[in-house]
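As structure tokens, the structure follows; a few thoughts come after it.
In structure tokens, the structure reads:
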């Protein structure tokens, strides 16, 4: 959760307390990744200072005890790569990134977005397929997923889809990769 007050100002003391509580109550490197500023949290709505504050709170509180991740939701690959590099410098292990979503991107644009992030930040990348956030919906195609496997820091996909058949086919084809 993203803790904030009635004026929507971050309450980082509550964030740190919650992370500490999770660590004290069974979250370990063997069973979890602690993730902050995700797509179902406030990730899409944080300004740069708030995002950095959340990243700092996560990295400082965890202090390398468990794997960590943070959401990045930028239209610009350059801004996404800068945030990913910032997270990597803090010791955060993964970023969850949505593809550019203002207009329907091409597969080359989506691939280029993730490739640019990988080329400019040494951090694991999890693509976040959000068909409801794209004009007309969107599914990662088999050929695009195949291309993702060539990106050095690509770690996985958080995937929602409008087609269970397509999803299951991609799991069969790429589940081990």
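In my numbering, the protein residues as written are 165 to 341.
A virtual CB, placed ideally from N, CA and C, is assigned to each residue, including glycine.
- Looking at the DSSP output, residue 174 bridges to 168.
- Ranked by how close their Cα comes to the Cα of residue 249, the residues 189, 308, 327 and 317 have 317 in first place.
- When the alpha-carbon of residue 242 is set against those of 217, 294, 195 and 280, the nearest one is in 280.
- With respect to the C-alpha of residue 292, the residue from 219, 320 and 341 having the closest C-alpha is 320.
- Straight through space, the alpha carbons of residue 308 and residue 271 are spaced by roughly 6 angstroms.
- Residues 174 and 175 of the same chain have their beta carbon placed closer than 7 angstroms to that of residue 168, with the five preceding and five following residues left out of the count.
- Here the C-alpha atom of residue 335 lies approximately 12 angstroms from the C-alpha atom of residue 310.
- Scanning its chain for C-beta atoms nearer than 6 angstroms, with the 5 sequence neighbours on each side dropped, one finds around residue 312 the residues 318, in chain order.
- Positions of the alpha helix (DSSP H) runs, each at least 4 residues long and wholly inside the segment 195-263, are given as 212-226 and 241-254 in order along the chain.
- Spatial neighbours of residue 341 in its own chain (CB-CB distance under 6 angstroms, excluding positions within 5 residues in sequence) are listed in chain order as 313.
- Taken in chain order, the complete beta strand (DSSP E) segments of 3 or more residues contained in the segment 292-339 are 318-323.
- Per the coordinates, the alpha-carbon of residue 290 lies some 32 angstroms from the alpha-carbon of residue 170.
- Residue 200 and residue 240 have their alpha carbons spaced roughly 21 angstroms apart.
- Assigned with DSSP and collapsed to three states, residue 289 falls in strand.
- DSSP places residue 270 outside both helix and strand once states are collapsed to three, so it counts as coil.
- Note on geometry: alpha-carbon atoms of residue 328 and residue 225 lie some 38 angstroms from one another.
- Closest in C-alpha terms to residue 285, from the list 216, 253 and 185, comes 253.
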